[in-house]
Amino acid sequence: AGPGVVFSIAVTAGHADVPWPCFSFWHWPQAGIAPWGSQRDRLLAAARRFPPPRVQQLFWRGSDNGKYVTPEGAVSGKRRGLVERGAGGDARLNCAFTKSTAPVTQVPLEDHCRYAALANLPGETYSARLKYLLLCNSTILHMESEYKEFFEALLVPNKHFLPLNSSLHDLDHKVEWALRSRDAQTIAAHGFQFARECLRTADVLAYMRATLSLYASALTFKVEPVAGALRIRSHAAIEAARDL
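Now the structure itself:
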């Protein structure tokens, strides 16, 4: 028999894995993030609470995970360039690490919606925050990563987000455009519409059901549960899926 199928929350073009929704759709208490349905409602409300004109800055916060910032203040990792520029005195950039040992320094996702532009950068592999940022109705500067979540293939650069080069050589131009151009709000609106209409809880569950059904149809053997196996049902998921 060949290797089994792997369902992964982020995949690259070199993976044969099946894209699967990230665990954060269900809950991410360590980051102070509620289950997707509740968190989505909070962000939609925040988007309404902070209408334009918003704070004219590019905003980003992220935990240093205890390894990106030394006690001396030296920064490392893929987000180094943005954080160092954010500390360099450019008033347009409000970008910094929070301390992993001080959770109170974290900025709630809803408060991100105060800002006209939001940055999304990959971490070690991918960043799970893109879906949340899109719901703020702010212009997203998204540094594309080789690791992608299941829905990212539907997003179009310069329509749903502004692409940001990994070298950040285009940062100044992209930030200036995002904060000054009237067209930037059109990009924000398209990203917002996508997240609002295509990433509902029902949509996520429909994707999961369709993916599992397609996988099941390709099987050449009958699946039998092992002796003593227990069937686990999620009542919340069943209720959310009733209207599919």
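Under the working numbering, the residue at position 55 of the sequence shown is numbered 444, and the numbers go up by one with no gaps. Quick reminder that beta carbons are idealized off the backbone N, C-alpha and C, glycines included.
Between L433 and C484, the CB-CB gap reaches or exceeds 8 Å. If you keep only unbroken beta strand (DSSP E) runs of at least 3 residues inside the region 513 to 556, you get 528 to 531. According to the DSSP secondary-structure assignment, C484 is paired through a beta bridge with W449. In the DSSP assignment, A506 falls within the unbroken beta strand (DSSP E) covering Y504 to N509. Straight across, the Cα-Cα distance linking G451 with P614 is about 42 Å.
Exclusion of the five residues before and after P442 leaves A505 as the residues of its chain whose Cβ lies within less than 8 Å of its Cβ. With fewer than three CB-CB distances shorter than 8 Å, the region 556 to 565 does not count as touching the region 412 to 421.
Pairwise C-beta distances place the region 578 to 586 out of contact with the region 558 to 570, as fewer than three of them are shorter than 8 Å. Between L543 and C502, the beta carbon gap of about 22 Å keeps them out of contact (Cβ cut-off 8 Å).
Counting every other CB atom within 10 Å of its CB across the protein chains shown gives N509 a total of 16 or more, marking it as buried. G393 and A607 have their C-alpha atoms some 13 Å from each other. By a beta-carbon distance limit of 8 Å, F539 contacts Y596. Their separation comes to about 6 Å.
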